[in-house]
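**Student:** Sharing a structure below in structure tokens format, with a few things to ask.
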Amino acid sequence: MSSNPLMRTQDLQKTYVTETIETPALRGVSMELHTGEFTAVAGPSGSGKSTLLHLLGGLDRPTSGEIFLQGAPMSGLGKDRLARLRLTSIGFVFQAYNLIPVLTVLENTAFVLELQGVVRREREERARAILAELGIEQYADQYPSRISGGEQQRVAIARAVVSTPSIVLADEPTANLDTATSLDLIDLMRGLNERKGATFFFATHDTRLLDRVRRLITLVDGRIAGDRTQSGQQ
Ligand SMILES: Nc1ncnc2c1ncn2[C@@H]1O[C@H](COP(=O)(O)OP(=O)(O)OP(=O)(O)O)[C@@H](O)[C@H]1O
Ligand SMILES: [Mg+2]
């Protein structure tokens with residue numbers, strides 16, 4: 012791909028330091044992500060997948076190296092600018108859904124728009140539209156505890172994409188789901204990628220999902236051990 016990358020990492024390193032131990036989690040990761048990609052990062056437990064997602068999402072800072080978002084170094088951003096960036100440019104989906112229990116499905120979905128200052132009517136319209144797109148509009152007025160894990164994770168995806176971020180980062184989004192529900196969820200993400208051009212980068216160690224992704228990056232011991240674009244995928 013020749014276009015400018017959406018995100019680029021340059022020799023990204025992260026070492027966690029506690030009182031007694033230093034753990035190198037990333038040992039020099041350089042890669043590019045482009046708009047419109049549908050990419051999984053796989054690798055054994057402890058290989059650094061979550062660490063990489065946290066750094067890309069501005070939830071944590073690297074020990075050394077740099078992340079460029081649309082060409083601009085993220086290290087140059089102060090706390091407030093970084094928070095703003097997370098709000099406007101990055102969607103997150105976590106393993107444990109992380110829905111707010113006291114808000115309905117519709118309110119959960121519209122929450123980021125509320126933080127962005129979108130007026131109520133518009134945010135409800137946009138939230139309803141994305142819930143419909145994902146086939147869960149019938150749960151709009153339910154609380155998360157009343158719907159299944161697979162449905163909750165659909166809501167988490169709706170919430171992540173409703174504000175049309177530049178990229179959606181997902182950490183093991185299918186970890187708590189059975190096989191059929193996991194495959195459905197990946198197909199749903201893939202559908203958003205194909206129809207709306209939503210860019211996804213997600214961590215998984217579920218090998219059943221890997222033939223559904225277009226690009227597969229493999230991490231081993233904090234380094235990229237493989238990066239291939241799969242034939243047969245669009
Ligand atoms: N907050 C932390 N403090 C100290 N060490 C950490 C922290 N987070 C991760 N680590 C360590 O960094 C390494 C990479 O962890 P990371 O969570 O990024 O791996 P992962 O590939 O996501 O693993 P999994 O597949 O189990 O989710 C591991 O050795 C882990 O123990
Ligand atoms: Mg992890």
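Numbering (this note's numbering), first residue to last: 12 to 245. We treat Cβ as the ideally placed atom computed from N, Cα and C, and that holds for glycine.
Between the segment 12–24 and the segment 76–84, are three or more C-beta pairs nearer than 8 Å?
**Tutor:** yes
**Student:** On the three-state DSSP scale, how would you describe Ile141?
**Tutor:** helix
**Student:** Anything with a beta carbon under 7 Å from a heavy atom of ligand 2 counts; list them all in chain order.
**Tutor:** Going along the chain, the residues that qualify are Lys60, Ser61, Asp182, Glu183 and Ala214.
**Student:** What does DSSP give as the partner residues of Met200 in its beta bridges?
**Tutor:** Beta-bridge pairing links Met200 to no other residue.
**Student:** Is there at least one non-hydrogen atom of ligand 1 closer than 7 Å to the beta-carbon of Ala107?
**Tutor:** No, the beta carbon of Ala107 sits no closer than 7 Å to any heavy atom of ligand 1.
**Student:** Once the 5 residues before and after Arg206 are set aside, which same chain residues still bring their CB inside 6 Å of it?
**Tutor:** There are no such residues.
**Student:** Would Leu23 and Leu180 qualify as a contact pair, given that the criterion is a beta-carbon distance under 8 Å?
**Tutor:** Not closer than 8 Å, so no.
**Student:** What is the rounded straight-line gap between the Cα of Gln245 and the Cα of Val224?
**Tutor:** Only weak support is given to the placement of Gln245: the predicted model assigns it a pLDDT of 48, under 50, and the question is left unresolved by the model.
**Student:** Could you round the C-beta distance between Gln163 and Pro176 to whole angstroms and report it? I think they count as a contact, below 8 Å.
**Tutor:** With a Cβ gap of about 20 Å, Gln163 and Pro176 do not count as contacting.
**Student:** Mapping DSSP to helix, strand and coil, what is Asp189?
**Tutor:** coil
**Student:** Is Glu183 helix, strand or coil by DSSP?
**Tutor:** coil
**Student:** Just checking, does the segment 180–197 make contact with the segment 101–115 on the three C-beta pairs under 8 Å criterion?
**Tutor:** yes
**Student:** Under the three-state reduction of DSSP, which class applies to Pro155: helix, strand or coil?
**Tutor:** helix
**Student:** If you measure from the beta carbon of Thr192 to each beta carbon in chain D, is any gap under 8 Å?
**Tutor:** Included in the structure is just one protein chain, with no chain D present.
**Student:** Within 7 Å: the Cβ of Tyr154 and any heavy atom of ligand 1?
**Tutor:** no
**Student:** Indicate the three-state DSSP secondary structure (helix, strand or coil) for Leu98 in the structure shown.
**Tutor:** helix
**Student:** From the DSSP output, in three-state form, read off Met12 for me.
**Tutor:** With a pLDDT of 48 at Met12, under the threshold of 50, the modelled position of this residue cannot be trusted; read the value that follows with caution. Met12 falls in the coil class under three-state DSSP.
**Student:** Under 7 Å from any heavy atom of ligand 1, does the C-beta of Gly11 make it?
**Tutor:** Residue 11 lies beyond the range of the chain shown here (12 to 245); nothing can be said about it.
**Student:** DSSP on Leu227, reduced to helix/strand/coil?
**Tutor:** strand
**Student:** Please state whether DSSP places Tyr150 in a helix, a strand or coil.
**Tutor:** helix
**Student:** Give every residue of the same chain whose Cβ lies closer than 6 Å to the Cβ of Thr46, excluding the five residues on either side of it in the sequence, and list them in chain order.
**Tutor:** Leu17 and Thr210
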